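Chains as they are written, first to last, in the UniProt record's numbering: chain A, 1 to 330; chain B, 1 to 251.
We treat Cβ as the ideally placed atom computed from N, Cα and C, and that holds for glycine.
Here the structure is a predicted model, which is why all the values come from computation and not from measurement.
Heads up, the thing below is written out as structure tokens.
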Amino acid sequence: MTAHDASAPAAAIGPTSASLPREAMATYRLLFLGLAGLIVVAPLVIYPVFVMTVLCFALFACAFNLLLGYAGLLSFGHAAFFGMAAYVTGHAAKVWGLTPELAILLGVAASAGLGLVVGALAIRRQGIYFSMITLALAQMVFFFCLQAKFTHGEDGIQAIPRGALFGVIDLSDDWALYVFIAVVFMAALLALFRIVHSPFGQVLKAIRENEPRAISLGYDAARYKLATFVLSAGFAGLAGSLKALVSQIATLTDVHWSMSGEAILITLVGGVGTVFGPIVGSVIVIAMQNYLAQLGAWVTVAQGVIFVVCVLAFREGIVGVLARRLKMRL
Amino acid sequence: MDGEHILETEGLSKSFGGFAAVSDVGLRVKRGTIHALIGPNGAGKTTCFNLLTKFLAPTAGSIRYNGRDITRTNAAGIAQLGLVRSFQISAVFLHLTVLENVRVALQRQRGASFDFWRSEKVLKRYDAAAMALLEEFGLAEVAHREATELSYGRKRALELATTLALEPEMMLLDEPMAGMGHEDIARIAGLIRKAAAGRTILMVEHNLSVVADLSDRITVLARGKVLAEGDYAAVSADPRVIEAYIGAGHA
Numbered sequence: 001m002t003a004h005d006a007s008a009p010a011a012a013i014g015p016t017s018a019s020l021p022r023e024a025m026a027t028y029r030l031l032f033l034g035l036a037g038l039i040v041v042a043p044l045v046i047y048p049v050f051v052m053t054v055l056c057f058a059l060f061a062c063a064f065n066l067l068l069g070y071a072g073l074l075s076f077g078h079a080a081f082f083g084m085a086a087y088v089t090g091h092a093a094k095v096w097g098l099t100p101e102l103a104i105l106l107g108v109a110a111s112a113g114l115g116l117v118v119g120a121l122a123i124r125r126q127g128i129y130f131s132m133i134t135l136a137l138a139q140m141v142f143f144f145c146l147q148a149k150f151t152h153g154e155d156g157i158q159a160i161p162r163g164a165l166f167g168v169i170d171l172s173d174d175w176a177l178y179v180f181i182a183v184v185f186m187a188a189l190l191a192l193f194r195i196v197h198s199p200f201g202q203v204l205k206a207i208r209e210n211e212p213r214a215i216s217l218g219y220d221a222a223r224y225k226l227a228t229f230v231l232s233a234g235f236a237g238l239a240g241s242l243k244a245l246v247s248q249i250a251t252l253t254d255v256h257w258s259m260s261g262e263a264i265l266i267t268l269v270g271g272v273g274t275v276f277g278p279i280v281g282s283v284i285v286i287a288m289q290n291y292l293a294q295l296g297a298w299v300t301v302a303q304g305v306i307f308v309v310c311v312l313a314f315r316e317g318i319v320g321v322l323a324r325r326l327k328m329r330l
Numbered sequence: 001m002d003g004e005h006i007l008e009t010e011g012l013s014k015s016f017g018g019f020a021a022v023s024d025v026g027l028r029v030k031r032g033t034i035h036a037l038i039g040p041n042g043a044g045k046t047t048c049f050n051l052l053t054k055f056l057a058p059t060a061g062s063i064r065y066n067g068r069d070i071t072r073t074n075a076a077g078i079a080q081l082g083l084v085r086s087f088q089i090s091a092v093f094l095h096l097t098v099l100e101n102v103r104v105a106l107q108r109q110r111g112a113s114f115d116f117w118r119s120e121k122v123l124k125r126y127d128a129a130a131m132a133l134l135e136e137f138g139l140a141e142v143a144h145r146e147a148t149e150l151s152y153g154r155k156r157a158l159e160l161a162t163t164l165a166l167e168p169e170m171m172l173l174d175e176p177m178a179g180m181g182h183e184d185i186a187r188i189a190g191l192i193r194k195a196a197a198g199r200t201i202l203m204v205e206h207n208l209s210v211v212a213d214l215s216d217r218i219t220v221l222a223r224g225k226v227l228a229e230g231d232y233a234a235v236s237a238d239p240r241v242i243e244a245y246i247g248a249g250h251a
């Protein structure tokens, strides 16, 4: 190449841009602070266990969103990671008597490991075939959980002790547990945000934009997808582990395919590929299930209607539409 | 192994269910030259190109790059060895900014691409190098626009800049002039000639005046086989080549 012209005016370059312009970063900072504020205030007005459930499902959907929104991979099997972690955490806390942080760690490790196996098999195929493989493998996990001894089949693991954090802080108190869940949730959310806005996230974006080109630049796309899959499975596991401590049960519902559907529903309603979409989606979906419970089986129908309306009226999800209207990233 | 040829194929063949798209192609590309691969429609140029860039696996034969057998290396692997391809449709990352497009390439070469725990701010250290490249390709003033806003010709220039950011030893260009107007052709030809300094280029191209203008050596393919090889004067005077082109025109 010709020598770079040393006289090239530096002024013409203008402000150096990271992928997130400074204003966007400031907005995100405000929004994260606002969210943290909401999480602090929420239990004063709303039943704390409900808020904790919302947070668990929000995290589950955020993990799912990492895969769908940022790697373009639609997994139909995320219940496997959510449920397996719930079982492992429940078993570790109840039978082995581990402290909650260790039980959670084990649950996350189990899910990430499972994610490595499922991901390695599934990323060999694209599009709908990828989704079908994740569904098939998740069904295998479901039947494993149905048969395995430690999951107690139809009964599930009941009365999981919340234990004492680090052996010191008693989590059986709802307030203590709330603080713990809230802190872990915020930390996980920030970690996911960091992953998306990291050098790794930048490559992931390039792969999603134009995979053959990314490969031709020397990026082994499959390895990046697999890494994202494992990360997503790990965070889904974290959500499952937390949920096991909050509800104190781990059952077949957690590994059932409809739980995978839940993640998809929450993410689509909130907005795929947005940071806050899965959280908004979780509030709406869990609130519906909770407050419409007296409708009985009609909850599912109501959910279906809302889902259809969402897909028809605002395909980008609530936060997606909001972001477009406000011309900012959310 | 002689060091004179950077890329060599031996008996390279690819058939699709009995149809031999490429058969027994022995291609030798001299280091430091611009080598063109031409031929009438259906001659197997694109298949050949995809074999060389590992987007297709050969049915038989071998490919050696820098004396190293790359027949089984995957597409990302050869890029890491310094053999980088372009695409017919301009391949840019549409929703990344122009600067980010180039930076993604710089980032691969200089590491840190798997760091999911670090802030993307670390990528700023590539900004200066990326801007220098954009400056050279006349893209500096649009550095912060999304690539999707660029004109076709500028997208091509961006693609070339991105490829060059990898400082490849050899570039494989798939019809670099496809779909371009006269002015753009002259500009891109100039950029290609500039890029060729110190590296080897193999290109598939339809536009024969571009081929005549740019290439040092030409290989003519017809019906999946090498028909002729030589410089433009020799090849264009070859009666078999003339027949293949006219014959194909009549078909």
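Sequence ranges, alpha helix (DSSP H) only - wholly within the stretch 22 to 87 of chain B, length at least 4 = If we require 4 residues or more, the alpha helix (DSSP H) runs fully inside the stretch 22 to 87 of chain B come out as 45 to 52, 75 to 80.
To the nearest angstrom, report how far apart A10 (chain A) and G138 (chain B) are at their CA atoms.
-> As a working note, residue 10 (chain A) is residue 10 in the first sequence. As a working note, residue 138 (chain B) is residue 138 in the second sequence. Residue placement at A10 (chain A) cannot be trusted, given a pLDDT of 35 that sits under 50; what the coordinates show is reported in the next sentence. Each residue's Cα considered, the two are about 15 Å apart.
Give the straight-line distance between the Cα atoms of F180 (chain A) and G201 (chain A), rounded to the nearest whole angstrom.
-> Numbered from 1 along the first sequence, position 180 holds the residue referred to as residue 180 (chain A). Numbered from 1 along the first sequence, position 201 holds the residue referred to as residue 201 (chain A). When rounded, the distance between both Cα atoms is 28 Å.
Go through the stretch 87 to 139 of chain B residue by residue and report every complete run of the alpha helix (DSSP H) that reaches 4 residues or more, in order.
-> The stretch 87 to 139 of chain B contains these whole alpha helix (DSSP H) runs: 98 to 110, 127 to 136.
Which residues share a DSSP beta bridge with F5 (chain B)?
-> Taking the second sequence and counting its residues from 1, the one referred to as residue 5 (chain B) is at position 5. The amino acid at residue 5 (chain B) is misidentified as Phe; the sequence shows His. H5 (chain B) is bridged to B:K30.
Using three-state DSSP, classify F200 (chain A) as helix, strand or coil.
-> Taking the first residue of the first sequence as 1, we reach residue 200 (chain A) at position 200. Note: F200 (chain A) maps to helix in three-state DSSP.
With G230 (chain B) as the anchor, note down where its beta strand (DSSP E) starts and where it stops.
-> Counted from its first residue, the second sequence places residue 230 (chain B) at position 230. Under the DSSP assignment, G230 (chain B) falls in the beta strand (DSSP E) whose first and last residues are 225 to 230.
8 Å Cβ cutoff, A71 (chain A) in contact with chain B = The residue given as residue 71 (chain A) occupies position 71 in the first sequence. For A71 (chain A), the nearest beta carbon of chain B is not closer than 8 Å to its own beta carbon.
Chain C contact for P161 (chain A) (CB, 8 Å cutoff) = This model lacks chain C altogether; the protein chains it does include are A and B.
Exposed or buried, F166 (chain A), counting other C-beta atoms within 10 Å across all chains shown (16 or more means buried)?
-> Here residue 166 (chain A) is taken as the residue at index 166 of the first sequence, counted from 1. Classification for F166 (chain A): exposed.
How about L94 (chain B): is its C-beta nearer than 8 Å to some C-beta of chain A?
-> Your numbering for residue 94 (chain B) matches position 94 in the second sequence. Chain A, which has a Cβ nearer than 8 Å to the Cβ of L94 (chain B), makes this yes.
Would you mind sorting I284 (chain A) into buried or exposed? The rule is 16 or more other CB atoms within 10 Å of its CB.
-> For this step, residue 284 (chain A) is matched to residue 284 along the first sequence. By the neighbour-count rule (16 or more Cβ atoms within 10 Å), I284 (chain A) is buried.
Is A12 (chain A) helix, strand or coil by DSSP?
-> On the first sequence, position 12 is the one that residue 12 (chain A) refers to. Residue placement at A12 (chain A) cannot be trusted, given a pLDDT of 34 that sits under 50; what the coordinates show is reported in the next sentence. In the displayed model, A12 (chain A) falls within a helix according to three-state DSSP.
Can you have a look at H250 (chain B) and say buried or exposed, based on whether 16 or more other CB atoms are within 10 angstroms of its CB?
-> Along the second sequence, one-based indexing puts residue 250 (chain B) at 250. Residue confidence for H250 (chain B) is low, a pLDDT of 47 falling below 50, so the modelled location carries little weight and cannot support an answer.
Using a beta-carbon distance cut-off of less than 7 Å, what residues from the stretch 96 to 127 of chain B approach chain A?
-> Residues of the stretch 96 to 127 of chain B with a C-beta atom less than 7 Å from some C-beta of chain A are L96, T97, L99, E100, V104, A105, Q107, R108, A112, S113, F114, D115, F116, W117, R118, S119, E120, K121, V122, L123, K124, D127, listed in chain order.
Please check if any C-beta of chain A sits within less than 8 Å of the C-beta of A22 (chain B).
-> For the purposes of this step, residue 22 (chain B) is taken as residue 22 along the second sequence, with counting starting at 1. Reading off the sequence shown, one finds Val at residue 22 (chain B), where the question assumed Ala. Using a CB distance cut-off of 8 Å, V22 (chain B) does not count as an interface residue toward chain A.
Ordered along the chain, which non-local residues of its own chain (more than five positions away) have a Cβ less than 7 Å from that of L146 (chain A)?
-> Here residue 146 (chain A) corresponds to residue number 146 of the first sequence, with the count starting at 1. G153, L252.
What's the C-alpha gap between I246 (chain B) and H206 (chain B)?
-> Numbered from its first residue, the second sequence carries residue 246 (chain B) at position 246. Numbered from its first residue, the second sequence carries residue 206 (chain B) at position 206. If you draw a straight line from the Cα of I246 (chain B) to the Cα of H206 (chain B), it comes to about 15 Å.
Nearest chain B C-beta to V203 (chain A) closer than 8 Å, yes or no?
-> The sequence position of residue 203 (chain A) within the first sequence is 203, counting from 1. V203 (chain A) counts as touching chain B.
How long is the line joining the alpha carbons of S258 (chain A) and H78 (chain A), rounded to whole angstroms?
-> Counting from one through the first sequence, the residue named residue 258 (chain A) turns up at place 258. Counting from one through the first sequence, the residue named residue 78 (chain A) turns up at place 78. The alpha-carbon separation between S258 (chain A) and H78 (chain A) amounts to approximately 10 Å.
Three-state secondary structure (DSSP) of D5 (chain A) | Your numbering for residue 5 (chain A) matches position 5 in the first sequence. For D5 (chain A), the predicted model reports a pLDDT of 38, less than 50, meaning its position is unreliable and no value from the coordinates is stated.
By Cβ distance below 7 Å, which residues in the same chain neighbour A237 (chain B) in space, the five residues on each side in sequence not counted?
-> Here residue 237 (chain B) corresponds to residue number 237 of the second sequence, with the count starting at 1. Nothing listed; no residue qualifies.
Are residue 252 (chain B) and A105 (chain B) touching if we call contact CB-CB under 8 Å?
-> Examination of residue 252 (chain B) is not possible in this model, given that chain B is present from 1 through 251 alone.
Could you name each continuous alpha helix (DSSP H) segment of 4 residues or more that falls completely within the stretch 39 to 78 of chain A, going from the start of the chain to the end?
-> Listed in chain order, the complete alpha helix (DSSP H) runs (minimum 4 residues) inside the stretch 39 to 78 of chain A are 48 to 71.
Helix, strand or coil at M180 (chain B) according to DSSP, with G and I counted as helix | Start at 1 with the first residue of the second sequence, and residue 180 (chain B) comes out as number 180. Reduced to three states, the DSSP call for M180 (chain B) is coil.
Could you give the residue range of the beta strand (DSSP E) that holds I160 (chain A)?
-> Here residue 160 (chain A) is taken as the residue at index 160 of the first sequence, counted from 1. For I160 (chain A), there is no enclosing beta strand (DSSP E), as DSSP marks it with neither H nor E.
From the beta carbon of G277 (chain A), is the nearest beta carbon of chain B less than 8 Å away?
-> Taking the first residue of the first sequence as 1, we reach residue 277 (chain A) at position 277. No, G277 (chain A) lies away from the interface with chain B (no Cβ there is under 8 Å from its Cβ).
Going along the chain, which residues of its own chain have a beta-carbon closer than 8 Å to the beta-carbon of L12 (chain B), five neighbours each way excluded?
-> Position 12 of the second sequence holds residue 12 (chain B). Excluding sequence neighbours, L12 (chain B) sits near V22, D24, V25, G26, L27, C48, L51, P58, A60, G61, S62, I63.
Residue burial classification, Y291 (chain A) (beta-carbon count within 10 angstroms, cutoff 16) = Translated into the one-based positions of the first sequence, residue 291 (chain A) becomes position 291. With fewer than 16 Cβ atoms within 10 Å of its Cβ, Y291 (chain A) is classed as exposed.
From A:V54, A:L74, A:A26, pick the residue whose C-alpha is nearest to that of Q126 (chain A); which is it?
-> By one-based count along the first sequence, residue 126 (chain A) stands at place 126. The residue from A:V54, A:L74, A:A26 with its alpha-carbon nearest to that of Q126 (chain A) is A:L74.
Proximity winner among A:A86, A:F193, A:L135, A:G304, relative to F150 (chain A) (alpha-carbon distances) | As a working note, residue 150 (chain A) is residue 150 in the first sequence. Minimum Cα distance to F150 (chain A) is reached at A:A86.
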